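Residue numbers (the numbering used here), protein chains in the order written: chain C, 162 to 306; chain Y, 3 to 170.
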């Protein structure tokens, strides 16, 4: 991947206050796909008896990852917003392991991008969660409609 | 025939507030987002006070879609846990005077679908959840979130949850 492009995209993601608050890092991006990860943290725990990270934090990572994937699509949307996002939680994320989300645009129209995403902890195999979503495709102002 | 004397209101409120506090304060992520709960009888309203770290798009600015999803999920889980807790709490079967009260385990999310209706403004947000079905093993919960205007939802969600095992 183009290092300069990744660097630029990283700055963009890190400039999102909530992505910064969760400590998200962009690992790869391009062609309508993205990979984002974040560390397990004590303050993100959802169930204190197990130490498992809250589903909400995983949702935030998946949502950001989907948004980044849309922005990296060759059709170059000027912006995007979530229309809907469905998340299936397949198993509890192992405490203290880093979570990595991968998202890809599997179809895009002039107005809508359709996405699939998964989240894994450090154990390969069954994902922690998988998601499907629909995102808006904002066109540049004054451009072809 | 004499009726039993009603329990003094401060005791009733004290017990309910203590149970709610114990339920909420146990979850670090709720603190991270800054969510609190208003209680009126058994009705809960989740409150998400605005904070700069909740922003997802600094140019509009708008609340992060992930924050909205998390806020709705927290509200749904709390409502469901609160409903599960209510009967035992009212019957005095939970010792709330203990430093670390033993509460029922939390339900686990099976799936959660968020419907984004308008962008979240940089203001406080509110959410109320409704348990549509609560069986022995599964529950279905719907939750609505709004900001300035109760009738203008900015997001809603439906989730399915796995009920905690009943501890004997």
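Glycine is no exception: its CB is placed at the ideal position from the N, C-alpha and C atoms. On a predicted model such as this, the values are computed, not experimentally measured, just so you know.
What residues from chain C crowd round residue i, counting only those whose CB sits closer than 7 Å?
i, result
"residue 108(Y)", "208"
"residue 117(Y)", "245"
"residue 111(Y)", "216, 250"
Where does residue i land, buried or exposed, given buried means 16+ other C-beta within 10 angstroms?
i, result
"residue 146(Y)", "buried"
"residue 170(Y)", "Its pLDDT being 43, under 50, residue 170(Y) is placed unreliably by the model, and nothing is read from it."
"residue 333(C)", "Given a span of 162 to 306 for chain C in the structure shown, any question on residue 333(C) remains unanswerable."
"residue 278(C)", "buried"
"residue 197(C)", "buried"
"residue 36(Y)", "exposed"
"residue 164(Y)", "exposed"
"residue 217(C)", "buried"
"residue 65(Y)", "buried"
"residue 61(Y)", "exposed"
"residue 263(C)", "buried"
"residue 88(Y)", "exposed"
"residue 283(C)", "exposed"
"residue 16(Y)", "exposed"
"residue 43(Y)", "exposed"
"residue 134(Y)", "exposed"
"residue 4(Y)", "exposed"
"residue 306(C)", "Reliability of the predicted coordinates at residue 306(C) is poor, the pLDDT of 47 falling under 50, and the value obtained from them is presented with this limitation in mind. By the 10 Å Cβ count, residue 306(C) comes out exposed."
"residue 100(Y)", "exposed"
"residue 239(C)", "exposed"
"residue 9(Y)", "exposed"
"residue 287(C)", "exposed"
"residue 81(Y)", "buried"
"residue 172(C)", "exposed"
"residue 276(C)", "buried"
Hey, residue i and residue j are a contact pair by Cβ (cut 8 Å); roughly how many whole angstroms apart?
i, j, result
"residue 193(C)", "residue 230(C)", "6 Å"
"residue 293(C)", "residue 252(C)", "That pair is no contact at about 18 Å."
"residue 143(Y)", "residue 132(Y)", "7 Å"
"residue 201(C)", "residue 257(C)", "5 Å"
"residue 236(C)", "residue 269(C)", "6 Å"
"residue 33(Y)", "residue 18(Y)", "Wrong, their Cβ atoms sit about 21 Å apart, outside the cutoff."
Can you pull the chain Y residues whose beta carbon is under 9 Å from the beta carbon of residue i, in chain order?
i, result
"residue 195(C)", "Within 9 Å Cβ-Cβ: nothing; residue 195(C) doesn't reach chain Y, min ~14 Å."
"residue 225(C)", "58, 66, 67, 68"
"residue 205(C)", "30, 31, 34"
Using a cut-off of 8 Å between C-beta atoms, extract the partners of residue i located in chain C.
i, result
"residue 75(Y)", "215, 216, 217, 220"
"residue 54(Y)", "178"
"residue 71(Y)", "217, 220, 221, 224, 246, 248"
"residue 114(Y)", "216, 220, 247, 248, 250"
Can you list the residues of chain C that residue i reaches, using a CB-CB cut of under 9 Å?
i, result
"residue 25(Y)", "Neighbours of residue 25(Y) on chain C: none; closest Cβ ~11 Å, over 9 Å."
"residue 48(Y)", "Under the 9 Å cutoff, chain C gives no residues; its nearest Cβ is about 12 Å from residue 48(Y)."
"residue 121(Y)", "242"
Taking Cβ to Cβ, would you say residue i is nearer than 9 Å to residue j?
i, j, result
"residue 107(Y)", "residue 166(Y)", "yes"
"residue 161(Y)", "residue 113(Y)", "yes"
"residue 285(C)", "residue 260(C)", "no"
"residue 159(Y)", "residue 117(Y)", "yes"
"residue 30(Y)", "residue 209(C)", "yes"
"residue 187(C)", "residue 170(C)", "yes"
"residue 219(C)", "residue 298(C)", "no"
"residue 147(C)", "residue 244(C)", "Here chain C has residues from 162 to 306 only, and residue 147(C) is not among them."
"residue 172(Y)", "residue 105(Y)", "Residue 172(Y) lies beyond the range of chain Y shown here (3 to 170); nothing can be said about it."
"residue 183(C)", "residue 205(C)", "yes"
"residue 174(C)", "residue 241(C)", "no"
"residue 221(C)", "residue 265(C)", "no"
"residue 84(Y)", "residue 123(Y)", "no"
"residue 110(Y)", "residue 250(C)", "yes"
Is it the case that the CB of residue i approaches a heavy atom of the ligand FMN more closely than 8 Å?
i, result
"residue 46(Y)", "As for the ligand FMN, it is missing from this structure, which has no ligand bound."
Using the beta-carbon of each residue, which ones in chain Y are nearer than 7 Å to residue i?
i, result
"residue 182(C)", "55"
State yes or no: is the beta carbon of residue i nearer than 9 Å to at least one beta carbon in chain B?
i, result
"residue 96(Y)", "Of the chains in the structure shown, none is chain B; the protein chains are C and Y."
Stretch pair the segment 228–247 of chain C + the segment 93–112 of chain Y: three plus CB contacts closer than 8 Å: no
Touching by the beta-carbon criterion (3+ pairs, under 8 Å), the segment 62–81 of chain Y and the segment 36–54 of chain Y: As far as the Cβ criterion goes, the segment 62–81 of chain Y touches the segment 36–54 of chain Y, which means the pair count is three or higher.
Three or more C-beta pairs below 8 Å linking the segment 46–62 of chain Y and the segment 126–133 of chain Y: yes
Any 3 or more C-beta pairs closer than 8 Å across the segment 133–143 of chain Y and the segment 52–62 of chain Y: no
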